[in-house]
Every structure is written in structure tokens, then in C-alpha cells.
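*Asks:*
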Amino acid sequence: MPQAASADETASLGAISGSVSGDRIAVGDGVASAWLLDGEGSFYVYSAPIARDGTYLIAGLPAGEYRVGFNELGYDDGDGITSFTEWWDDAASLDLSAPIVVDGATIDGISANVDTLAGAASDPVISGSPVVGKKLSASRGVWPSDVELGYAWYAGDTLLANGTASTITVGPEALGARVSVDVYAALAETGYPADDALQFKRSAETSAVTAGALQSATPSISGTAKVGGTLTAKTGTWTKGTTLGYQWYASGKAIKGATKSTYKLPASLVGKKVTVKVTGKKAGYVTAAKTAKATPKVSQSATPTIKGTAKVGQKLTANPGKWGSGMKLTYQWYANGKAIAKAKGKTLTLTSGVKGKKITVKVTGKKSGYATVTTTSKATAAVKAKTVASAVAKPVSKTSCPKSHPIKGNQTTRHTTDWIYHVPGGQFYKATHPEQCFATEAAARKAGYRASKR
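Numbering (the numbering used here), first residue to last: 1068 to 1521.
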């Protein structure tokens, strides 16, 4: 630093003056400095404030060759951090600046515009929209070559992020504040690299951060609008972290307590259209609400039942149950889940093709303006084969055969090899005591009997 000059020396001292322009000069914290290199590699530094109108005067300068720097924000409180110093004539460091020779006179016109350096914007500039959820980017500004830069982002005086990222996504904590960024490098005031000093450049503040717009989607409804059925709200894609709320409506009127993502339809809503409104909320964002397209009118339906015996040759009948008034019902029969061709009536006669399979019936109800509903019965047991009557049966009494086997087979005691069968209406039919009964004469003959001659 300079030593006090004697009276004789003072008379020969010079000065440097000029005008500095920049967006922060009017604050009045700026400093102009003149650096004189001594013979031992050190500097004498002479400083003067930059007035709010941009003028400055550095007086009391011994004769010598000076480098002049301009700092529009002034110096720090001693912890090694200063705002960036620009050097005359439009240089980023002391060793690149043009020398100014002082020899007992005032050198005027040493002026600078600290907002530009080498024809470019000196300070960083923030681009992007100051909106929650949006990305802001900072230009680096003009620095000495080959320096590594850091970025400290602020919302007002609150530090948001500090590191090497030149971009930031605006969070809800910045809502209502103005964002700025300090771009910094490990440089001494002279612009030389230094491990124990930092210089920074500060951007202008953005406008106040506003609430973001949530990414939202119009919901849809899955499920069938039938009594007892459950409807589910399909929300689509919303901004990550959004909290979703639900409200179900019946014909435009909010359903009390129906505030979950699913809703089971009661009988009281038959004939009404149902919809759901999804509301999304997230800190720092404008609340959004979307309403799904309404369902058709809620239908009344029933689960059908099947009457009849599951046996080949037997007939099954579908009992549809109680459906809403005016519903047109149609039927489709299934064997082990596969539709039976042309089996679309209320009844089904079981053929040998479905033997061993389980039978169900689907009933579909349709009505204009209402939800189409299809319900399925419980399955029958596996279809059994058709019962085939046995050719031979036992007598039901001493003189009687069952009606299904009316032919009497008599094994006479006089002729052990002469077995005779008697048919109804024969002379000895009623009096004959049968040992066996047959369904047909062929069966009797096959068993070794001959026909009665009377």
C-alpha cells in the first residue's frame, strides 16, 4: 500500500479520473483502483470510490506505470471474496490491461462500461421463465480463459443451490421471490488463479416466481355402470408428486362420502349417469381439476341361474332373475367357457358333444341410454352321459315285472332246457312267474328264451 508523501512529493503527485457505467453503479458501492508494480514484484494499490453518477478520481499517485481496475460492487469484508474487477482497457485481468503512465498530472478519460467486456455481456444472464417447475439457465458471462466456474442460485437472500450446474429447476420454495445467480471462480482481484480467493459476477434478478401449471390429464372411468358394480377412476399422467383427490357425481350432484378412486354403485343410482372429478394439488403449483366423461345410465341387473339336470338329452333353462324395466335380454350358452354355436335361446338341450363339460349361460341386458350389462351364471356340474336302460331286470313281485321291462322270462321246472318268454297279452302272461324280465323280445332271445306259443 502507498506510504504517506512529504509536502515536496505531494506537489509532484498525479491522479487518474474517469467515468464508469454499469447497472449497479448508482448503488454507490463501486471502487476504482490504480495498481503500481514496485521493483520487487509487489503492488502499491491506490483506491477511490465510484460516485453514484459514475465518476471517480484516484489522487496522490506517484509517478509510474499503473493498471486501473473497476469493481462496481466494492470489496468484501475480508474473507477473500470480491465481486469481479474489470480492467482498463476492456481486459479481464491485470496483466492484460493497458498501462497508464502518471507523471505529476491528472490523466482523465480512463472510463469503462462494466456491463460489457470484450464486446459481450460481462455478467451472467438468466434465461427461462421464473415459474415453479420450469428450468432457468445462466450464461457464464466473460471471464479469463481456462477458469472453472461455480454457480450459486438464490431466491431473494435464500441460497437454493450451489455447485457447477448452470441450470436450476425452480422449486416451490422460490414462489414469490426473485431469482438471481452468482457465477464465481477461484481468482484473486488481479484475475490471477488463487486457491484462497474468489471473484463473483451477479446476474440481474428475475421477476417474482409465479406458481407452476400442473401437468394434468382428463380422467376416464373403467367398470360397468350397474348396481353392485365398482367404477374406478383412471387418472392419466400428472406432475410427479401431485396429490390427487376424488369426488364422484350422480347426474351432476356430488355423492356424499364418495371421495376415493373407486366407487361401488348402489341401487339408488339406477337411471343416473355417474362421473368423477379429479383434483391435483402440489406446493408451488396452481391447483387443477379435471372431470371424466359420464357413464351411461346405471342399469339394474341380476345373476342368472340354470334349472334342469346336466345330462345328455335333458333340457336346461336359464332364469335371468330381476332386471330393470325395459331391458332387452339375450342369451348365450357356454361349455367349459367356450360359446356353444347357435345356443342363444333361453333353453338348451344337452347333446353328446357337451358330455363331461360344465355349462354356463350369459345374459346380456340392453336399453337405450343405459349401460349394457352382461352377467354369467354359476356353472353346472359336468354333463353326464344319457342313461341307457338295461336289457334285463329283476321281477318286482312273484308275478310282475317292472314297466320298463314287461317281458317275462320263465324257466320251467319240467324242462330245464326249455325257457319261455311271455309278452303282455299272451294267454299265460298274467299267470307266469318270471325268473327274469326283459325290455325287448330280442333281449329275451339273446338270453336263451323262446317265445310262448300262446
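Think of the CB as a built atom: it goes at the ideal place given N, C-alpha and C, for glycine as much as any other residue. No experiment lies behind these values; they were computed from the predicted model shown.
Taking the continuous alpha helix (DSSP H) assigned at ALA1408, which residues delimit it?
*Replies:* Residue numbering aside, residue 1408 sits at position 341 when the sequence shown is read from its first letter. ALA1408: not part of any alpha helix (DSSP H); DSSP gives it neither H nor E.
*Asks:* Determine, using beta-carbon pairs with one atom in the region 1193-1200 and one in the region 1162-1175, whether at least three such pairs fall under 8 Å.
*Replies:* no
*Asks:* The beta strand (DSSP E) spanning ALA1355 covers which residue range?
*Replies:* Position 288 of the sequence shown, counted from the start, is the residue given in the question as residue 1355. Start and end: 1355-1358.
*Asks:* Looking at the structure shown, is LYS1513 part of a helix, part of a strand, or coil, going by DSSP?
*Replies:* Locating residue 1513 in the sequence shown gives position 446, where the first residue counts as 1. Note: LYS1513 maps to helix in three-state DSSP.
*Asks:* Grab me the residues of LEU1184's own chain with a C-beta within less than 7 Å of its C-beta, minus the 5 sequence neighbours each way, in chain order.
*Replies:* Locating residue 1184 in the sequence shown gives position 117, where the first residue counts as 1. GLU1153, ASP1157, ALA1159, VAL1209.
*Asks:* Which residue wins for smallest C-alpha separation from ALA1371, given the options VAL1428, PRO1191, ASP1213?
*Replies:* Within the sequence shown, the letter at position 304 stands for residue 1371. Residue 1371 is actually Pro in this sequence, not Ala. With distances taken between Cα atoms, PRO1371 lies closest to VAL1428.
*Asks:* Using a Cβ-Cβ cut-off of 8 Å (strictly less than) and excluding sequence neighbours within five positions of ILE1177, which residues of its own chain qualify?
*Replies:* Reading the sequence shown from its first residue, position 110 is the one you call residue 1177. Taken in chain order, the residues that qualify are ILE1083, SER1084, GLY1085, VAL1135, TRP1155, ILE1167.
*Asks:* What is the DSSP secondary structure of LEU1417, counted as helix, strand or coil?
*Replies:* The sequence position of residue 1417 within the sequence shown is 350, counting from 1. DSSP places LEU1417 in coil when its eight states are reduced to three.
*Asks:* ILE1092 to LYS1201, Cα distance in whole Å?
*Replies:* Start at 1 with the first residue of the sequence shown, and residue 1092 comes out as number 25. Start at 1 with the first residue of the sequence shown, and residue 1201 comes out as number 134. One C-alpha to the other measures close to 32 Å.
*Asks:* Once the 5 residues before and after THR1384 are set aside, which same chain residues still bring their CB inside 6 Å of it?
*Replies:* The count along the sequence shown starts at 1 and reaches residue 1384 at position 317. Same-chain partners within the cutoff: LYS1374, GLY1375, THR1414.
*Asks:* Have a look at the DSSP bridge pairing and note the partners of GLY1085.
*Replies:* To locate residue 1085, count along the sequence shown from 1; it is residue 18. Looking at the DSSP assignment, GLY1085 forms a beta bridge with TYR1123.
*Asks:* Considering Cα atoms alone, identify which of ALA1188, PRO1129, SER1100 is closest to ASP1090.
*Replies:* Indexing the sequence shown from 1 puts residue 1090 at position 23. Considering only alpha carbons, the answer is ALA1188.
*Asks:* Counting only the same chain and skipping the five closest in sequence on each side, list residues whose C-beta sits under 6 Å from that of ALA1275.
*Replies:* Reading the sequence shown from its first residue, position 208 is the one you call residue 1275. Cβ within range, chain order: GLY1243, ARG1245.
*Asks:* Any chance the CB of ALA1130 is under 7 Å from a heavy atom of the ligand COA?
*Replies:* In the structure on display, the ligand COA does not appear, and there are no ligands present to speak of.
*Asks:* GLY1141 to LEU1216, Cα distance in whole Å?
*Replies:* Within the sequence shown, residue 1141 is the residue found at index 74, counting from 1. Within the sequence shown, residue 1216 is the residue found at index 149, counting from 1. Their Cα atoms are separated by approximately 21 Å.
*Asks:* Given this structure, state the Cα-to-Cα distance separating ARG1517 from TYR1488, to the nearest angstrom.
*Replies:* Walking along the sequence shown from the start, residue 1517 turns up at place 450. Walking along the sequence shown from the start, residue 1488 turns up at place 421. Answer to the nearest angstrom: the Cα atoms are 6 Å apart.
*Asks:* Please go through the same chain and pick out, in chain order, the residues whose beta-carbon is closer than 6 Å to the beta-carbon of ALA1458, but skip the five residues on each side of it.
*Replies:* The sequence position of residue 1458 within the sequence shown is 391, counting from 1. Excluding sequence neighbours, ALA1458 sits near ALA1506, ALA1510.
*Asks:* Just list the residues that DSSP pairs LYS1245 with in beta bridges.
*Replies:* What you label residue 1245 is simply residue 178 of the sequence shown in a count that begins at 1. Here residue 1245 is Arg; the residue named in the question, Lys, does not match the sequence. For ARG1245, which the question treats as bridged, DSSP gives the partners ALA1275.
*Asks:* Whole angstroms are fine: how far does the CA of THR1354 sit from the CA of SER1150?
*Replies:* The sequence position of residue 1150 within the sequence shown is 83, counting from 1. The sequence position of residue 1354 within the sequence shown is 287, counting from 1. The straight-line gap from Cα to Cα measures roughly 41 Å.
*Asks:* State the beta-bridge partners of ARG1134 as determined by DSSP.
*Replies:* The count along the sequence shown starts at 1 and reaches residue 1134 at position 67. Looking at the DSSP output, ARG1134 shares a beta bridge with TRP1102.
*Asks:* Express the C-alpha separation of GLY1258 and PRO1129 in angstroms, rounding to a whole number.
*Replies:* Your numbering for residue 1129 matches position 62 in the sequence shown. Your numbering for residue 1258 matches position 191 in the sequence shown. Taking the straight line from one Cα to the other gives about 24 Å.
*Asks:* Where does PRO1239 sit, in a helix, a strand or coil, going by DSSP?
*Replies:* Counted from its first residue, the sequence shown places residue 1239 at position 172. In the structure shown, PRO1239 sits in a helix (DSSP, three-state: H, G or I).
*Asks:* Buried or exposed: THR1310, going by 16 or more other Cβ atoms within 10 Å of its Cβ?
*Replies:* Position 243 of the sequence shown, counted from the start, is the residue given in the question as residue 1310. Classification of THR1310: exposed, given that the 10 Å Cβ count is below 16.
*Asks:* Rounding to the nearest angstrom, what Cα-Cα distance links ALA1514 and GLY1380 in this structure?
*Replies:* For this step, residue 1514 is matched to residue 447 along the sequence shown. For this step, residue 1380 is matched to residue 313 along the sequence shown. Answer to the nearest angstrom: the Cα atoms are 29 Å apart.
*Asks:* In the DSSP assignment, the beta strand (DSSP E) including SER1204 goes from what residue to what residue?
*Replies:* On the sequence shown, position 137 is the one that residue 1204 refers to. Per DSSP, SER1204 belongs to the beta strand (DSSP E) from 1202-1205.
*Asks:* Using a 10 Å radius around the Cβ and a threshold of 16 neighbouring Cβ atoms, would you call LYS1434 buried or exposed?
*Replies:* Locating residue 1434 in the sequence shown gives position 367, counting from the first residue. When all chains shown are included, LYS1434 counts as buried.
*Asks:* For HIS1489, which beta-bridge partners are listed by DSSP?
*Replies:* Walking along the sequence shown from the start, residue 1489 turns up at place 422. DSSP lists LYS1475 as partners of HIS1489.
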